[in-house]
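**Q**
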Amino acid sequence: MRFLLLTAAAALLAAPAFASPAYAQDAAQDDFVVPPVVMSTEHPNEEAVEPYQQSNAHAGATPFEGTVMWEAFHGQEGVNRIVDAMVDRNIADPRIAGTFVGHDLVRIRRTLKEQFAYILGGPVDYTGRDMVSSHRDLGLQASDMGALVENLQIAMSEEGVAFAAQNRFLAKLAPMRRDVVVR
Ligand code: HEM
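Just so we're aligned: the sequence shown equals residues -19 to -1, 1 to 164 in mature numbering (1 follows the signal peptide of the UniProt record, and there is no 0).
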């Protein structure tokens, strides 16, 4: 019993100030509830998402035939470099950085790599959500899409992707604008 009491006292002392009962009361009054972050069991370091049916149709575009585009983007390694460079630019870009705050960048990077690889004709399935559901709550505008595309163009150029191949890929992404942008 004494051990239990000591353990409880130690836990109270070790608890940070924001976990004090007084704070909890304030929080209840303000109706401020932080939902617990649940981690994915399937993908390490990713947050769990609501279950959904996986399908390549969610990628938002049909893949190129043959391997010309896949090779133009230097296969999976090239796609990985391009996505990482684009995401790095997006989260440092004052025009759109705020949109990414609080979102799971590990998942965004993985699913974007799958999506780009699938569309480019790589031997990859897209396992992410469809473009409408992924962007529904973000309130994106045409200018946000423009900023992201600019960052992608820089990333593709840094990778040494020929302009003709860049433009063919951008033409696959362009129609997705109506699914991600609200106005
Ligand atoms: C053609 C253009 C775009 C494509 C192909 C695309 C692709 C994706 C993909 C694959 C995901 C992850 C889906 C999943 O979690 O299952 C995603 C999520 C996300 N995208 Fe985009 N995106 C586009 C435009 C944009 C733009 C313009 C912005 C903001 C400037 C943006 C911000 C985000 C954010 C914040 C998330 C995370 C949403 C969440 O956590 O639920 N996206 N996008």
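Backbone N, C-alpha and C fix where the C-beta goes; we use that ideal spot for every residue, glycine too.
Cβ of Arg62 within 8 Å of Cβ of Glu131?
**A** What you label residue 62 is simply residue 81 of the sequence shown in a count that begins at 1. What you label residue 131 is simply residue 150 of the sequence shown in a count that begins at 1. No, they are not a contact pair.
**Q** Using only the alpha-carbon positions, how far apart do Ala(-11) and His24 sit?
**A** For the purposes of this step, residue -11 is taken as the residue at position 9 of the sequence shown. For the purposes of this step, residue 24 is taken as the residue at position 43 of the sequence shown. With a pLDDT of 48 at Ala(-11), under the threshold of 50, the predicted position of this residue should be treated as unreliable, though the coordinate-derived value follows. Whole-angstrom Cα-Cα distance: 38 Å.
**Q** Counting pairs of Cβ atoms below 8 Å between the segment 156 to 163 and the segment 92 to 109, do you hit three or more?
**A** Short answer: they don't touch.
**Q** Within 10 angstroms of its Cβ, does Leu133 collect 16 or more other Cβ (buried), or is it exposed?
**A** Translated into the one-based positions of the sequence shown, residue 133 becomes position 152. It counts as buried.
**Q** State the beta-bridge partners of Leu121 as determined by DSSP.
**A** By one-based count along the sequence shown, residue 121 stands at place 140. Note: Leu121 sits in a beta bridge opposite Val162.
**Q** Alpha carbon to alpha carbon, how far is Glu46 from Pro104? Give it in angstroms, no decimals.
**A** The residue given as residue 104 occupies position 123 in the sequence shown. The residue given as residue 46 occupies position 65 in the sequence shown. In a straight line, the C-alpha of Pro104 is about 11 Å away from that of Glu46.
**Q** Quick one, are the C-beta atoms of Phe54 and Val113 less than 8 Å apart?
**A** If you number the sequence shown from 1, residue 54 lands on position 73. If you number the sequence shown from 1, residue 113 lands on position 132. For Phe54 and Val113, no; Cβs fall outside 8 Å.
**Q** Measure from the alpha carbon of Thr22 to the alpha carbon of each residue in Ala73, Arg88 and Gly79, then state which is nearest.
**A** Here residue 22 refers to the residue found at position 41 when the sequence shown is read from its first residue. Minimum Cα distance to Thr22 is reached at Arg88.
**Q** According to the neighbour-count rule (16 or more other Cβ atoms, all chains shown, within 10 Å of its Cβ), is Leu151 buried or exposed?
**A** Against the sequence shown, residue 151 aligns to sequence position 170. So Leu151 ends up on the exposed side.
**Q** Note down the Cα distance separating Tyr99 from Asp111, rounded to an integer number of angstroms.
**A** The residue labelled residue 99 in the question sits at position 118 within the sequence shown. The residue labelled residue 111 in the question sits at position 130 within the sequence shown. Each residue's alpha carbon lies about 14 Å from the other.
**Q** Which residue from Pro75, Leu121, Gly41 and Gly83 puts its Cα closest to that of Lys153?
**A** Stepping through the sequence shown from its first residue, residue 153 is reached at position 172. The residue with the shortest Cα to Cα distance from Lys153 is Gly41.
**Q** Among Met67, Asp106 and Pro32, which one has its Cα closest to the Cα of residue 165?
**A** Because residue 165 is not part of the residues shown, which for the chain are -19 to 164, the question remains open.
**Q** Kindly indicate which three-state DSSP category Glu27 falls into: helix, strand or coil?
**A** Counting from one through the sequence shown, the residue named residue 27 turns up at place 46. Looking at Glu27 - three-state DSSP - the assignment turns out to be coil, as it is neither helix nor strand.
**Q** Ordered along the chain, which non-local residues of its own chain (more than five positions away) have a Cβ less than 7 Å from that of Asn37?
**A** Mapped onto the sequence shown, residue 37 falls at position 56. Here the set comprises Tyr99, Asp106 and Tyr107.
**Q** With a CB to CB cut of under 6 Å and the five nearest residues on each side skipped, what residues in its chain are close to His116?
**A** Counting from one through the sequence shown, the residue named residue 116 turns up at place 135. Val161.
**Q** Does the Cβ of Ala136 have 16 or more other Cβ atoms within 10 Å, making it buried, or fewer, making it exposed?
**A** Counting from one through the sequence shown, the residue named residue 136 turns up at place 155. Label assigned to Ala136: buried.
**Q** Tell whether a beta-carbon distance below 8 Å holds between Met157 and Gly102.
**A** Numbered from 1 along the sequence shown, position 176 holds the residue referred to as residue 157. Numbered from 1 along the sequence shown, position 121 holds the residue referred to as residue 102. In this structure, Gly102 does not lie closer than 8 Å to Met157 by Cβ.
**Q** The ligand HEM and Thr43: does the residue's C-beta get closer than 7 Å to at least one heavy atom of that ligand?
**A** Here the question's residue 43 lines up with position 62 in the sequence shown. Flag unset: Cβ of Thr43 not near the ligand HEM.
**Q** Quick one: measure Cβ to Cβ for Glu28 and Asp69, integer angstroms, because I've assumed they're closer than 8 Å.
**A** Position 47 of the sequence shown holds residue 28. Position 88 of the sequence shown holds residue 69. Rounded, the Cβ-Cβ distance is 20 Å, inconsistent with contact.
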